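The number in the numbering used here is simply the position in the sequence shown, starting from 1, with 23 added.
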Amino acid sequence: MTEHISPDIDPHRLARTLSGFNLIDGELVGARSGRTFPVVNPATGNEIGTAPFSEAADVDAAVSAAQRAQRAWAGMAARKRGALVAECARLLGAHVEELGRLVALETGKALRTESRVEASVVADALQFYGGLGSELKGESVPFSPDMLTVTTREPIGVVGVIIPWNAPMMLMALKISPALVAGNCVVVKSAEESPLAVLRVCQLLNQVLPRGVLNIVAGYGPECGAPLVQHPAVGKITFTGSVETGRIVARAAGEKLIPVTLELGGKSPMIVMGDADLDRAVAGAVAGMRFTRQGQSCTAASRIFVHESLHDAFVTALKAKVDAMKMGDPLDEATDIGTVISQAQLDKVKGYIESGRATLGAAAVECSALPQGASLRGGLFVRPVLFTGLGNSHRLAREEIFGPVTCIIKFSSYEEVLAMANDSAYGLAATIWTRDLKTALDAARRLEAGFVQVNQNIVVQPGLSYGGVKQSGLGREASLEAMLEHFTHKKTLIFNMQ
Ligand code: NAI
Ligand code: MG
């Protein structure tokens, strides 16, 4: 691997440089078949580069490289592995700008509000886990006085990482960092919509990591993701994406009897009680709904329950806030909101908006103007929509839209709103906004979600366990426990000294 790669802040040039490559065994290589698929800038519809159309043979090459590297990697002192991962974080520090620009170009996420932020979080995740090498501890067990009985934390071996496109670098970092520090080698399968920025991250990390420890292949689900899950040498799959694909992945993993971690979708409730601080709650709705990312977030506050006493004021204030956000070219520093990822997502989101509009009694409040300018005419922009008058049983309040669409639902009593909040197939995140401690505590305990916040709405943070209940997934990420529970197995050793 080339040493000391310099940052390239021209994302178009960088996209071309990275075009057509997987990274296997420390080398940039094309697909065995030579096939590629286009990578498109969703703000213009223009092709910015290509990615290899990887299939089983490419996956096998990547898994074999990981397998070859794994013994030596696992044999390294845990703190040394951690130190290398922390060095990766330092190295990425110099590349935040280029990575932010590249991910903005391929995903349409605004640079200032989203993409640059994502790029800096990647280093944060690596830094956090880099410090945890010495926490891979076992126990001593008082089994018998004549024997020394201990447990150790052993790496699983080769871990398959399947990621989506909404925050590709960050979601990858939260998976590969604990996997690597725990002594596993990794094969990442990138999302077909966003293969370039994650490839760049892996290329940069390969300057520090031994060859074969971290590999990445680009491709589609059935042709590339499925062979990774099914590969006999892959001992664990960690996946973020849709419930539907999560089930397919879990089924295939079940057939092999290997563990899976699933971070799936959400329909996260935000409850605004009558005594809430209106301004803070409105700001929390803007952040929670991820309007800056066109709502393409698994924790999006896509069901906002507002007490009847605040409802109308809340809708007015939220509309004003979202209206003030500028939709435009993702690479323009003035832009708050970029595009959705793909035509398929755009069609899906528009379908939901039409279905909401067609519902008797519903009103759609449209916010933020579409950008002007000929160059963005082919861009996948969607105006954020606040729906009022839709019930919690409407499909817009039940299904994950993954777009800038939220349902604001009026309520009158606490028990009623708690029942509605929990009446969902999902259980990822929830927030409640109130000044009353007793209500806050009661709701925090009773809300069926993996991540509950009171009077704030922050996103996943290194150090805090993150993950869902119900159909939002299996397992936790981002914390020490995530590394111990999901990327190691416990081994019991008995030394009989008789
Ligand atoms: P998806 O779940 O199909 O894709 C996620 C990843 O899984 C991609 O890398 C994809 O190539 C891979 N994949 C697809 N089929 C596979 C298979 N058979 N075996 C192994 N890997 C496979 O999500 P998609 O189609 O991009 O988006 C559809 C919906 O999923 C969105 O509208 C949204 O509701 C939800 N979603 C949720 C995300 C989250 O963060 N929880 C992220 C992305 C999408
Ligand atoms: Mg899909």
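Just so you know, even glycine gets a beta-carbon here, dropped at the ideal spot from N, CA and C. Quick caveat, the model's predicted, so the values are computed rather than measured.
- Distance from the C-beta of T268 to the nearest heavy atom of the ligand MG is below 7 Å.
- In this structure, the CA atom of N480 is about 24 Å from the CA atom of V126.
- By the CB criterion at 8 Å, V236 and C208 fall inside the cutoff.
- Under the three-state reduction of DSSP, V210 is assigned to strand.
- By the beta-carbon neighbour count (other beta carbons within 10 angstroms, threshold 16), R139 is buried.
- Taking 3 residues as the minimum length, the beta strand (DSSP E) runs contained wholly in the stretch 417-492 are 428-434, 452-456, 474-477, in order along the chain.
- Just measuring C-alpha positions, the residue of R499, L460, T457 sitting nearest A472 is R499.
- When distances are taken from the beta-carbon of T362 to the heavy atoms of the ligand NAI, even the shortest one reaches 7 Å or more.
- Exclusion of the five residues before and after L227 leaves I28, C111, L114, L115, H118 as the residues of its chain whose Cβ lies within less than 8 Å of its Cβ.
- For F166, no beta strand (DSSP E) run applies, since DSSP gives it neither H nor E.
- When the five nearest sequence neighbours on each side are left out, the beta carbons in the same chain lying within less than 6 Å of the beta carbon of I47 are those of A84, A85, A88, N238, in order along the chain.
- Beta-carbon to beta-carbon, P187 and L194 are separated by about 7 Å, close enough to satisfy the 8 Å threshold.
- If you draw a straight line from the Cα of F474 to the Cα of Q93, it is about 34 Å long.
- Taking non-hydrogen atoms of the ligand NAI into account, the C-beta of I179 is found less than 7 Å away from none of them.
- Sequence-distant Cβ neighbours of T515 in its own chain, meaning closer than 8 Å and more than five residues away, are V164, T172, V173, T174.
- At least 8 Å separates the beta-carbon of R176 from that of T358.
- Annotation for G72: the continuous beta strand (DSSP E) segment containing it runs 70-75.
- A check of alpha carbon separations from E50 across V184, R58, L41 identifies L41 as the nearest.
- The alpha carbon of M99 has as its nearest neighbour, out of V145, L203, G72, P61, the alpha carbon of L203.
- In the three-state DSSP reduction, E158 falls in the helix class (H, G or I).
- In the three-state reduction of the DSSP assignment, F404 falls in the coil class, being assigned neither a helical nor a strand state.
- A contact between stretches requires three or more CB pairs, one per stretch, nearer than 8 Å, and the stretch 420-434 meets this requirement with the stretch 310-328.
- C-alpha of S436 to C-alpha of L451: approximately 23 Å in a straight line.
- Scanning D355, I199, L219 for the CA closest to the CA of V210 turns up I199.
- Boundaries of the alpha helix (DSSP H) around T130: 119-130.
- Per the C-alpha coordinates, the member of G311, M312, H509, M520 positioned closest to G183 is H509.
- In this structure Y449 is in contact with G288, their Cβ atoms being roughly 6 Å apart against a cut-off of 8 Å.
- Counting the other CB atoms within 10 Å of its CB gives T339 a total below 16, which places it among the exposed residues.
- Closest option to G105, judged by alpha-carbon separation, among P61, P65, G206: G206.
- A buried status is given to N45, since no fewer than 16 other beta-carbon atoms sit within 10 Å of its beta-carbon.
- When secondary structure is reduced to three states using DSSP, I360 falls in the strand class.
- Taking a 10 Å sphere around the C-beta of Q521, we find fewer than 16 other C-beta atoms and assign the residue as exposed.
- Judged by DSSP in its simplified three-state form, T67 adopts coil rather than helix or strand.
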